[in-house]
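A.B. asks: Going down the list, the protein sequences come from chains A and B.
The first sequence runs 321 to 637 under my numbering.
The second sequence runs 1032 to 1304 under my numbering.
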Amino acid sequence: MSANSYYGRPIVKAPVWKHDIAAYLFTGGLAAGSALLAAGADATGRPVLRRTGRLTALAALGASTYFLVNDLGRPKRFHHMLRVAKPTSPMSMGTWILSAFGGAAGLAAAAEVAPMLPRPLRGPARVAGRAGGAAAGAIAPALATYTAVLLADTATPSWHEAHRDLPFVFAGSALASGAGAGLIGAGLAPGGAGLREAGPARRLATVGAALELYGAHRIETDLGLLSEPYRAGRAGRLLRTGRLLTAVGVAGAWLGRRSRIASVASGVALLVASLVTRFGIFEGGVASANDPKYTVEPQRARLADAPFRDVGGSLPL
Amino acid sequence: MGSLYGPLDPAPDAGWVDAPPRMGFFTDTSVCIGCKACEVACKEWNNVPADGFNLLGQSYDNTGRLDANSWRHVAFIEQPVAGSDDPRWLMMSNVCKHCTHAACLDVCPTGSLFRTEFGTVVVQEDICNGCGYCIPACPYGVIDQRKDDGRAWKCTLCYDRIGDGMTPACAKACPTESIQYGELSELRERAAARLSALHDAGTAEARLYGHDPSDGVGGDGAFFLLLDEPEVYGLPPDPVVTTRDLPAMWKRAGIAALAMVAGAVVAFAGRRS
Chain A
321 MSANSYYGRP
331 IVKAPVWKHD
341 IAAYLFTGGL
351 AAGSALLAAG
361 ADATGRPVLR
371 RTGRLTALAA
381 LGASTYFLVN
391 DLGRPKRFHH
401 MLRVAKPTSP
411 MSMGTWILSA
421 FGGAAGLAAA
431 AEVAPMLPRP
441 LRGPARVAGR
451 AGGAAAGAIA
461 PALATYTAVL
471 LADTATPSWH
481 EAHRDLPFVF
491 AGSALASGAG
501 AGLIGAGLAP
511 GGAGLREAGP
521 ARRLATVGAA
531 LELYGAHRIE
541 TDLGLLSEPY
551 RAGRAGRLLR
561 TGRLLTAVGV
571 AGAWLGRRSR
581 IASVASGVAL
591 LVASLVTRFG
601 IFEGGVASAN
611 DPKYTVEPQR
621 ARLADAPFRD
631 VGGSLPL
Chain B
1032 MGSLYGPLDP
1042 APDAGWVDAP
1052 PRMGFFTDTS
1062 VCIGCKACEV
1072 ACKEWNNVPA
1082 DGFNLLGQSY
1092 DNTGRLDANS
1102 WRHVAFIEQP
1112 VAGSDDPRWL
1122 MMSNVCKHCT
1132 HAACLDVCPT
1142 GSLFRTEFGT
1152 VVVQEDICNG
1162 CGYCIPACPY
1172 GVIDQRKDDG
1182 RAWKCTLCYD
1192 RIGDGMTPAC
1202 AKACPTESIQ
1212 YGELSELRER
1222 AAARLSALHD
1232 AGTAEARLYG
1242 HDPSDGVGGD
1252 GAFFLLLDEP
1262 EVYGLPPDPV
1272 VTTRDLPAMW
1282 KRAGIAALAM
1292 VAGAVVAFAG
1302 RRS
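(1) Secondary structure at Ile1108 (chain B), three-state DSSP: helix, strand or coil?
(2) By the 10 Å Cβ neighbour count, where 16 or more other Cβ atoms means buried, how is His483 (chain A) classified, buried or exposed?
(3) Hey, is Ser608 (chain A)'s beta-carbon within less than 8 Å of any beta-carbon in chain B?
(4) Rounded to the nearest angstrom, how far is the Cβ of Leu381 (chain A) from that of Ala351 (chain A), given a contact under 8 Å?
(5) Buried or exposed: which applies to Leu1229 (chain B), given that a residue is buried once 16 or more other Cβ atoms fall within 10 Å of its Cβ?
(6) Which residues in the same chain have their Cβ closer than 7 Å to the Cβ of Arg1225 (chain B), if we skip the five residues on either side of it in sequence?
(7) Between the Cα of Ser1101 (chain B) and those of B:Pro1041, B:Asp1246, B:Val1292, B:Cys1201, spot the shortest distance and give me the residue it belongs to.
(8) With a cut-off of 8 Å, do at least 3 Cβ pairs link the region 465 to 481 of chain A to the region 603 to 611 of chain A?
(9) Could you tell me which chain B residues have their CB closer than 8 Å to the CB of Thr364 (chain A), listed as they occur along the chain?
(10) Would you list, in chain order, the members of the region 1139 to 1161 of chain B that have their beta-carbon closer than 9 Å to a beta-carbon of chain A?
(11) For Cys1139 (chain B), which of B:Cys1186, B:Trp1120, B:Gly1163 has the nearest alpha-carbon?
(12) Alpha carbons only, please: which of A:Asn390, A:Val332, A:Lys338, A:Gly498 is nearest the one belonging to Ala377 (chain A)?
(13) Output, in sequence order along the chain, the residues in the region 1168 to 1192 of chain B whose CB is closer than 9 Å to any CB in chain A.
(14) Report yes or no: is there a C-beta of chain A within less than 8 Å of the C-beta of Glu1217 (chain B)?
(15) Below 8 Å on C-beta distance, what does Arg1275 (chain B) contact in chain A?
(16) Relative to the C-alpha of Gly511 (chain A), which candidate in A:Ala552, A:Ala536, A:Ile581, A:Thr561 has its C-alpha closest?
(17) So, does the CB of Trp1281 (chain B) fall closer than 8 Å to a CB anywhere in chain A?
(18) Three-state secondary structure (DSSP) at Met1197 (chain B)?
(19) In whole angstroms, give me the CA-to-CA distance for Arg622 (chain A) and Arg1275 (chain B).
(20) Taking Cβ to Cβ, would you say Leu470 (chain A) is nearer than 8 Å to Leu495 (chain A)?
(21) Could you name each continuous beta strand (DSSP E) segment of 3 residues or more that falls completely within the region 1217 to 1245 of chain B, going from the start of the chain to the end?
(22) Flag Gly639 (chain A) as yes if its beta-carbon sits less than 8 Å from any beta-carbon of chain B, otherwise no.
(23) Where do the N-terminal and C-terminal ends of the alpha helix (DSSP H) with Ser579 (chain A) fall, by residue?
(24) From this set, B:Thr1131, B:Ala1050, B:Met1197, which residue's C-alpha is nearest Leu1039 (chain B)'s C-alpha?
(25) What does the alpha-carbon distance come out to for the pair Arg577 (chain A) and Ser583 (chain A)?
(26) Using only alpha-carbon positions, find the residue among A:Tyr534, A:Ala429, A:Glu481, A:Gly507 that is nearest to Tyr614 (chain A).
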């Protein structure tokens, strides 16, 4: 029996969230990153990146909605999320962010059928698409980063303690995955037209990777005992794999910039990197909740630093 | 929206006008005899489902922990005593703390969890959609999801009884007055008197837990007198409501969001390549 806990049992409860939520961290970030890519591509006249970004954002949004509803204990009550808007609940804020993003990203993606419309409707469709795409791009950074607050605003020791750096991991991961989708679209575009547009996707991948690696490094090294769950076990393996794939994806994007195959392969590496990184962060938190030492020891250390707190008579009077 | 941290009276802070006095539990573990009448009375009154016939092999504890189907849990700790064959027995009836700053309530996205006029924290079962956010938010690991039902459940401090001036089922059933129910201000005075009586009698290890309004959760509506360190009973030694840091978290997220925008601008601003 552990002296640290009652029969070695956990003190806080691990999240009951299934892997739907870890998957949503990825798809929500992908939706945000690709919407941002599409907005930039639209503003600078890059049709292949724009189309790829808009369609990816819509698909990722659909997947996100599925994962979020499916994870509920009572999926038919998903609309109860819309009863209130609560700033103290990151999940409530996220519901509204995702709803607003969904409308805008849906409009932008729908506008991609413009070339198939009768001539008089094409202009208005493009304008609506540009407006929707710009709105989605404006909301995207909130969509990508609120999920970091969602995890950190818990008693799960290694999530809460990471609250300063987690938003940077998720922001970077979102950018890198959006760029990855762009690289895949650029590589698949017929005749190499996509490769000529793909410069911003490569730069976005680089910026995203830098943010993600910076944040992840801090989380894995600066949290004292609470960094341990991110280095050990399955979480550690996932995060190391993610880091390797991120590096491979960025390097491939630059070294293979004249090859359509290399572009697609780099994009896939960046997407998988983002996915496994999110699962790694998720698993690290769960591991920290399941071992009581991660709850007790940091709190004990805090008490030791504040010896004059009133603990009800256990101190010499 | 009320304050996120520090001492306060939670019912008026949540918007109740002319709220009655804050009600709570004082659980004095020094007189607990481990009869589990509280567990049984709670299940009976609140219609809480059975959770299996388990033999855990952990002293007399076959409940294990607080969860969706156990709103009172009696912990049994047997500690070896030097020079004696008999162990020292610790018994403690654990329960939801009804925190002044309740993270479960703060993070609930549907408004299902709410602050009652008595300052307690209650789940509305017709609203809860089983999102599960309250569960990792609780610094004590109390609230939990009922697997076959999907929703979150925990102690209501017998909201349906105390509104009619009745005592919660567990306190009513307790044969030794280990569980005491009443106005929180009066319970705190009673606990202080009991603590000094125990100290005078030579029980130096007695200490209060959750009684202090300046602690990390603003004080508990259900607090305890313990005879050992909190973690021995499975309690966190220094819990802090996670939402204390929420403004800082949103700020960091805002900076990261701006970094994303800057990254996108840089990526597209360069020459065509």
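Even for Gly, the Cβ is constructed at its ideal location relative to N, Cα and C.
C.D. replies: On the basis of the coordinates in this document:
(1) Three-state DSSP puts Ile1108 (chain B) in a strand.
(2) When all chains shown are included, His483 (chain A) counts as buried.
(3) At least 8 Å separates the CB of Ser608 (chain A) from every CB of chain B.
(4) Rounded, the Cβ-Cβ distance is 5 Å, consistent with contact.
(5) A buried status is given to Leu1229 (chain B), since no fewer than 16 other beta-carbon atoms sit within 10 Å of its beta-carbon.
(6) Taken in chain order, the residues that qualify are Asp1059, Leu1256.
(7) For Ser1101 (chain B), the nearest C-alpha among the options comes from B:Cys1201.
(8) Verdict: yes, contact present.
(9) Near Thr364 (chain A) (Cβ distances below 8 Å), the residues of chain B are Phe1299.
(10) Residues of the region 1139 to 1161 of chain B with a C-beta less than 9 Å from any C-beta of chain A: Cys1139, Pro1140, Thr1141, Gly1142, Ser1143, Ile1158, Cys1159, Asn1160, Gly1161, listed in chain order.
(11) Closest by C-alpha distance to Cys1139 (chain B), out of B:Cys1186, B:Trp1120, B:Gly1163, is B:Gly1163.
(12) Cα-wise, what sits closest to Ala377 (chain A) is A:Gly498.
(13) Of all residues in the region 1168 to 1192 of chain B, only Ala1168, Cys1169, Pro1170, Tyr1171, Gly1172, Val1173, Ile1174, Asp1175, Gln1176, Arg1177, Lys1178, Asp1180, Gly1181, Arg1182, Ala1183 come within less than 9 Å of chain A when Cβ atoms are compared, listed by chain position.
(14) With respect to chain A, the C-beta atom of Glu1217 (chain B) has no partner C-beta closer than 8 Å.
(15) The contacting residues do not exist; Arg1275 (chain B) stays about 10 Å from chain A at best.
(16) Checked all of A:Ala552, A:Ala536, A:Ile581, A:Thr561; the closest Cα to Gly511 (chain A) is A:Ile581.
(17) Chain A has a Cβ within less than 8 Å of the Cβ of Trp1281 (chain B).
(18) Three-state result, Met1197 (chain B): coil.
(19) Going from the Cα of Arg622 (chain A) to the Cα of Arg1275 (chain B) covers about 16 Å.
(20) A distance of 8 Å or more separates the beta carbons of Leu470 (chain A) and Leu495 (chain A).
(21) Listed in chain order, the complete beta strand (DSSP E) runs (minimum 3 residues) inside the region 1217 to 1245 of chain B are 1238 to 1240.
(22) With chain A covering 321 to 637 only, the question about residue 639 (chain A) has no answer from this structure.
(23) Where Ser579 (chain A) is concerned, there is no enclosing alpha helix (DSSP H), given that its DSSP letter is neither H nor E.
(24) Of the listed residues, the one whose Cα sits closest to Leu1039 (chain B) is B:Thr1131.
(25) Computed Cα separation, rounded: 6 Å.
(26) It is A:Glu481 whose Cα lies nearest to the Cα of Tyr614 (chain A).
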